[in-house]
Amino acid sequence: TGAQAINNLVDAPIGSRNSASFSQSGNLTSADADMFVDAATANLRLNSSAIAAVDKVSVSEYATTDIDGFVRSGAGKVDIGAHELNALSPPNPPTDISGSQL
11 TGAQAINNLV DAPIGSRNSA SFSQSGNLTS ADADMFVDAA TANLRLNSSA
61 IAAVDKVSVS EYATTDIDGF VRSGAGKVDI GAHELNALSP PNPPTDISGS
111 QL
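Now the structure itself:
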């Protein structure tokens with residue numbers, strides 16, 4: 011109870027187990043192997059044919075970066091699933107600090 015399924019990219023409908031309840035939004039339940047770079051080797055990064063998943067949902071406060079740590083950004087919308095297509099690289103750490111500043 012109280013669980014949420016938000017912005018997931020799956021190949022079948024999401025259901026409950028043992029009569030549990032949950033809310034869901036922004037999920038795409040029709041993913042196929044052609045949407046990914048190489049599904050056979052578990053490279054589940056989106057490729058350019060993943061049109062149904064790209065820039066479709068609002069960013070969740072729980073997932074402002076993708077699974078690789080890349081910033082999710084788009085024209086007001088982000089991609090469904092764990093990976094953001096053409097994600098922005100995470101910022102580089104600062105190099106101008108010393109041990110006394112930590």
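Sequential numbering from 11 applies to the sequence shown in my numbering.
C-beta: ideal position from N, C-alpha, C; glycine also.
Taking the Cα positions, A73 is about 12 angstroms away from A15. For A15, the enclosing beta strand (DSSP E) starts and ends at 13–16. The three-state reading of DSSP puts T74 in coil, since its state is none of H, G, I, E or B.
One thing to note: I90 has its Cβ within 8 angstroms of the Cβ of G36. Counted as a single uninterrupted DSSP element, the beta strand (DSSP E) harbouring S33 occupies residues 32–35.
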